[in-house]
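In my numbering, the protein residues as written are -11 to 273.
Using N, Cα and C, we set each Cβ at its ideal position, and we do this for glycine too.
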């Protein structure tokens, strides 16, 4: 696929995230909520967290279960310790990435290992196809130094967390949903483009500065859903009068039923009932 974008996707709408708390009182913003799961299939949830007040995050996420999807945690700043019932453990540090396949079931914890300073990052939930929801759980963490990146002639730096961008293959590749996950840093006024498959659902989330997308302004703290259309071949971004940072996310929709009950995402109510029974009886993990 060529890297040239001839007809970029416009903004379909802007989303303001919902302030909430999860785990043991961790304050965060839920950007991709349950009512957007069908529109942004295969993505189920995006949380943005960031605070330099320890009381906002120090409780972390004590042991809790998951089944039926994958989690991708990207740390911009701070440290988070992972441990799970499948025997995996690891630490995500500044700029690092963690990918976890919950599959048929895992109980894990994510605990900050600092009591002062900034903790900032994102957690993205990626759905699994029905045929793979009961795969064995897996885990991988990637330090900042191992995340592929490139810089354009205009000074735009792109960290390729997942998928492929401008010939650079990212830290993880998933064949079923083909997720693209990029952290794009643009100098003031700089422009950048990325081709996208027509069938993929896509969104951007600005977390520094402002962006221009097709004549519309997207401010920090807002998600922009990119329109789908047979004639659209990618996304084109331009920073405003100050540097901007944005995550760009796209993926192949599964087109399958989504039935969620808290930390479990399956395809039918009966599967959720079985999951709850497995969890309560100690068979989930």
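Exercise for the section: Using only alpha-carbon positions, find the residue among 32, 129, 126 that is nearest to residue 20. Expected result: 32
Exercise for the section: From the DSSP output, in three-state form, read off residue 7 for me. Expected result: strand
Practice task
For residue 184, name the three-state secondary structure that DSSP assigns.
Solution key: coil
Handout entry: the segment 103 to 118 touching the segment 151 to 161, judged by at least three CB pairs closer than 8 Å
Key = no
Handout entry: Own chain, CB closer than 6 Å to residue 240, minus 5 neighbours either side, in chain order
Key = 165, 166, 188
Handout entry: Option nearest residue 126 by Cα separation, candidates 143, 96, 137, 197
Key = 96
Practice task
Would you mind reading off the limits of the alpha helix (DSSP H) that contains residue 258?
Solution key: 257 to 268
Exercise for the section: Compare the beta carbon distance of residue 111 and residue 144 with 8 Å and say whether it is the shorter of the two. Expected result: no
Exercise for the section: Please classify residue -11: is it buried, with 16 or more other beta-carbons within 10 angstroms of its beta-carbon, or exposed? Expected result: Because residue -11 sits at a pLDDT of 41, beneath the cut-off of 50, its placement in the model cannot be relied upon, and the point is left open.
Handout entry: Chain-order list of residues whose beta-carbon lies under 6 Å from that of residue 69 (same chain, five-residue window excluded)
Key = 79, 99, 101
Problem - Residue burial classification, residue 259 (beta-carbon count within 10 angstroms, cutoff 16) - result: buried
Exercise for the section: Could you tell me if residue 66 is buried or exposed, where buried requires 16 or more neighbouring beta carbons within 10 angstroms of its beta carbon? Expected result: buried
Exercise for the section: Quickly, what does DSSP pair residue 189 with across the bridge? List them, please. Expected result: 239
Handout entry: Under 8 Å between C-beta atoms of residue 236 and residue -3
Key = no
Problem - Simplified DSSP assignment, three categories, for residue 133 - result: helix
Exercise for the section: Taking the CB atoms as reference points, tell me whether residue 53 and residue 93 lie closer together than 8 Å. Expected result: yes
Exercise for the section: Assign residue 115 to one of two classes, buried (16 or more other C-beta atoms within 10 Å of its C-beta) or exposed (fewer than that). Expected result: buried
Exercise for the section: Compute the Euclidean distance between the alpha carbons of residue 34 and residue -7, then round it to the nearest angstrom. Expected result: 26 Å
Practice task
Kindly give me the distance between the Cβ atoms of residue 27 and residue 246, rounded to whole angstroms, as I take these residues to be in contact under 8 Å.
Solution key: That belief does not hold up - the Cβ atoms of residue 27 and residue 246 are roughly 11 Å apart, past 8 Å.
Handout entry: Separation of residue 87 from residue 63, as counted between CA atoms
Key = 12 Å
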